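Novice:
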DNA sequence: CTTGGAATGTCAACAAGGCTGACGTATCTT
DNA sequence: AAGATACGTCAGCCTTGTTGACATTCCAAG
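Residue numbers (this note's numbering), protein chains in the order written: chain Z, 1 to 168; chain X, 169 to 336.
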């Protein structure tokens, strides 16, 4: 694209230069490594992976969610999700209940054991997030959230916003 | 950890509640999907994946970098990287030159074809970043960067900072 | 000059976690 | 009664990560 992003209005939009954008891209890449590092370490021992973490997280967030809901949020195929879900159910971390109204649906819940793992994982992840937030301060955090939301795909953003203000 | 983050100083640090942290975590998760979506789409056609993108990106960033450097930055094993690198060299996107001083080392460069693919990928990724930055504004962008840097692992942050201010 | 260690490459085997395609079953909707 | 929907499952494939073992090449220290 443009070598440097020359603005329309004559004002130098320095934060939109390719150079600045590259720094943002690399920051995103490296930060995501940190973001997943702690849960990954915990899961490594337990024969689970990131996929299990994601499933557990969103089941915790929305107890009773259906498989289809989860598919949409995670953005994977049902075969992929099913593999993960099956082991979680077998291991007694997730319970799958047949729907009341619509018996085709399965509603997913964490068992006490599942909830315990969820807490362990999210404690670790939250702790890093807390440190980062504390170091950066509230204004930075607001900006952080703004940029992230603007980076999402349209459809994903809708899902995010639907979740955003629901309490766990 | 704490149900809600009760501050030490008596001041309500609202942005550090578990609830706020959870939103940040989910924002990070969904945003990263958007972050990689465009390059992934481009690469899907070409029988390459994210791993190739990362290698190409950092070779472009630091032409002549050694395999060991790249390993440290990417955080994968040499076997993993080697597989990716081999296909890129075979396909004529990357050139691997034996080191002048230390002939054990291989210095990596993009060929014109490699540079072309790099440009295609980073144009797409930068474009999304540009849109997000533009939508959020310069103050938000500064905050975004601050939080991301605070989220990195110590060792990674050092590498990031070393790269950060080098021009491509 | 020899030798230890570093940097690199390569082979083999394996696992996680994506994907597609096909099929089956139960259930709901029309 | 027929079609659509929700879910599960089997089979097979790919990418990308891992470990372990081993060969080569070369630098540098003794």
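Beta carbons are placed, not taken as given, at the ideal position from N, Cα and C, and that holds for glycine.
Fair warning: this is a prediction, and the values are worked out from it, not measured in the lab.
(1) Can you tell me whether DSSP reads residue 274 of chain X as helix, strand or coil?
(2) Buried or exposed for residue 245 of chain X, please, with buried defined as at least 16 other CB atoms from any protein chain shown within 10 angstroms of its CB.
(3) Taking a Cβ distance cut-off of 8 angstroms, strictly less, list which residues of the stretch 97-117 of chain Z are near chain X, in chain order.
(4) Going along the chain, which residues of its own chain have a beta-carbon closer than 7 angstroms to the beta-carbon of residue 327 of chain X, five neighbours each way excluded?
(5) With a cut-off of 8 angstroms, does the C-beta of residue 175 of chain X fall near any C-beta of chain Z?
(6) Please look up how many angstroms separate the CB atoms of residue 118 of chain Z and residue 57 of chain Z, rounded, as I've assumed it's under 8 angstroms.
(7) Could you tell me whether the Cβ atoms of residue 108 of chain Z and residue 70 of chain Z are closer together than 8 angstroms?
(8) Would DSSP call residue 96 of chain Z helix, strand or coil?
(9) What does the alpha-carbon distance come out to for the pair residue 230 of chain X and residue 146 of chain Z?
(10) Which residues, taken in chain order from the stretch 17-48 of chain Z, show a beta carbon closer than 9 angstroms to some beta carbon of chain X?
(11) Using 10 angstroms around the beta-carbon of residue 24 of chain Z, count the other beta-carbons present and answer buried if the total reaches 16, otherwise exposed.
(12) By the three-class DSSP mapping on this structure, what secondary structure does residue 245 of chain X have?
(13) Evaluate contact between the stretch 284-299 of chain X and the stretch 20-39 of chain Z, counting only Cβ atoms and requiring at least three cross-stretch pairs below 8 angstroms.
(14) Can you tell me which of the three DSSP states residue 255 of chain X falls into?
(15) Within its chain, find whatever has a CB closer than 8 angstroms to the CB of residue 55 of chain Z; leave out the 5 residues flanking it on each side and keep chain order.
(16) Using 8 angstroms as the cut-off, can you tell me whether the stretch 302-319 of chain X makes contact with the stretch 138-158 of chain Z, which would need three or more C-beta pairs spanning the two stretches below that distance?
(17) Using the Cα positions of residue 100 of chain Z and residue 167 of chain Z, report the straight-line distance between them to the nearest angstrom.
(18) Consult DSSP for residue 65 of chain Z and reduce its assignment to one of helix, strand or coil.
(19) With DSSP collapsed to three states, give me the class of residue 217 of chain X.
(20) Could you pull out every residue in the same chain whose Cβ sits closer than 8 angstroms to the Cβ of residue 220 of chain X, ignoring the five residues on either side in sequence?
(21) Throw me the rounded Cβ distance for the residue 151 of chain Z and residue 300 of chain X pair, which I believe falls under 8 angstroms.
(22) For the ligand FMN, is there a heavy atom less than 7 angstroms away from the beta-carbon of residue 263 of chain X?
(23) Since I believe residue 321 of chain X is in contact with residue 188 of chain Z (beta carbons under 8 angstroms), could you give me their beta-carbon distance rounded to a whole number of angstroms?
(24) Between which two residues does the alpha helix (DSSP H) holding residue 129 of chain Z run?
(25) Quick one: using the 10 Å Cβ neighbour count with 16 as the cut-off for buried, is residue 206 of chain X buried or exposed?
(26) Who are the neighbours of residue 156 of chain Z on chain X, taking C-beta pairs under 7 angstroms?
(27) Following the continuous alpha helix (DSSP H) through residue 163 of chain Z, name the residue where it begins and the one where it ends.
(28) Determine, using beta carbons only, whether residue 294 of chain X and residue 18 of chain Z come nearer to each other than 8 angstroms.
(29) Beta-carbon within less than 8 angstroms of residue 279 of chain X's beta-carbon, same chain only, minus the 5 sequence neighbours each way: which residues are those?
Specialist: In terms of the structure at hand:
(1) As a position in the second chain, residue 274 of chain X is number 106, starting the count at 1. Strand, per DSSP.
(2) As a first step, residue 245 of chain X is located in the second chain; it is residue number 77 there, counting from the start. Exposed.
(3) Those would be none; no residue qualifies.
(4) Position 159 of the second chain, counting from 1, holds the residue named residue 327 of chain X. Counting only Cβ-Cβ distances below 7 angstroms, and skipping sequence neighbours, we find 240, 241.
(5) Your numbering for residue 175 of chain X matches position 7 in the second chain. The pLDDT assigned to residue 175 of chain X is 49, lower than 50, so where the model puts this residue is not dependable; a value taken from the coordinates is nonetheless given after this. It does not: the Cβ of residue 175 of chain X has no partner Cβ on chain Z nearer than 8 angstroms.
(6) Residue numbering aside, residue 118 of chain Z sits at position 118 when the first chain is read from its first letter. Residue numbering aside, residue 57 of chain Z sits at position 57 when the first chain is read from its first letter. Correct: roughly 7 angstroms between the Cβ atoms.
(7) As a working mapping, residue 108 of chain Z is identified with position 108 in the first chain. As a working mapping, residue 70 of chain Z is identified with position 70 in the first chain. Cβ distance < 8 angstroms, so residue 108 of chain Z and residue 70 of chain Z count as in contact.
(8) Stepping through the first chain from its first residue, residue 96 of chain Z is reached at position 96. The answer is strand: DSSP assigns residue 96 of chain Z an E or B state.
(9) Taking the first residue of the second chain as position 1, residue 230 of chain X is located at position 62. Taking the first residue of the first chain as position 1, residue 146 of chain Z is located at position 146. Residue 230 of chain X and residue 146 of chain Z: Cα-Cα distance of roughly 31 angstroms.
(10) 18, 19, 20, 21, 22, 23, 24, 25, 26, 27, 28, 29, 30, 31, 32, 33, 34, 35, 37
(11) On the first chain, position 24 is the one that residue 24 of chain Z refers to. Residue 24 of chain Z is buried by the Cβ-count criterion.
(12) Start at 1 with the first residue of the second chain, and residue 245 of chain X comes out as number 77. Residue 245 of chain X falls in the coil class under three-state DSSP.
(13) yes
(14) Here residue 255 of chain X refers to the residue found at position 87 when the second chain is read from its first residue. In the three-state reduction of the DSSP assignment, residue 255 of chain X falls in the helix class, which pools H, G and I.
(15) On the first chain, residue 55 of chain Z is found 55 positions in, with the first residue counted as 1. If we look at residue 55 of chain Z and ignore the five residues flanking it on each side, its Cβ neighbours are 70, 74, 81, 84, 85, 88, 94.
(16) yes
(17) What you label residue 100 of chain Z is simply residue 100 of the first chain in a count that begins at 1. What you label residue 167 of chain Z is simply residue 167 of the first chain in a count that begins at 1. Using only the alpha carbons, I get a separation of about 24 angstroms.
(18) In the first chain, counting from the first residue as 1, residue 65 of chain Z sits at position 65. It is a strand residue.
(19) The sequence position of residue 217 of chain X within the second chain is 49, counting from 1. In the structure shown, residue 217 of chain X sits in coil (DSSP, three-state: anything other than H, G, I, E or B).
(20) As a position in the second chain, residue 220 of chain X is number 52, starting the count at 1. Result list for residue 220 of chain X: 211, 252, 255, 256, in chain order.
(21) Stepping through the first chain from its first residue, residue 151 of chain Z is reached at position 151. Stepping through the second chain from its first residue, residue 300 of chain X is reached at position 132. For a cut-off of 8 angstroms, the C-beta gap from residue 151 of chain Z to residue 300 of chain X is around 4 angstroms, short enough to register as a contact.
(22) The ligand FMN is not among the ligands present in this structure, which contains no ligands whatsoever.
(23) Because residue 188 of chain Z is not part of the residues shown, which for chain Z are 1 to 168, the question remains open.
(24) Indexing the first chain from 1 puts residue 129 of chain Z at position 129. Unbroken alpha helix (DSSP H) run through residue 129 of chain Z: 112-136.
(25) Position 38 of the second chain, counted from the start, is the residue given in the question as residue 206 of chain X. Classification of residue 206 of chain X: buried, given that the 10 Å Cβ count is 16 or more.
(26) By one-based count along the first chain, residue 156 of chain Z stands at place 156. Per Cβ cutoff of 7 angstroms: 198, 201, 202.
(27) Residue 163 of chain Z sits at position 163 when you count from the first residue of the first chain. Unbroken alpha helix (DSSP H) run through residue 163 of chain Z: 154-164.
(28) Residue numbering aside, residue 294 of chain X sits at position 126 when the second chain is read from its first letter. Residue numbering aside, residue 18 of chain Z sits at position 18 when the first chain is read from its first letter. Going by C-beta atoms, residue 294 of chain X is nearer than 8 angstroms to residue 18 of chain Z.
(29) Here residue 279 of chain X refers to the residue found at position 111 when the second chain is read from its first residue. Here the set comprises 260, 261, 262, 263.
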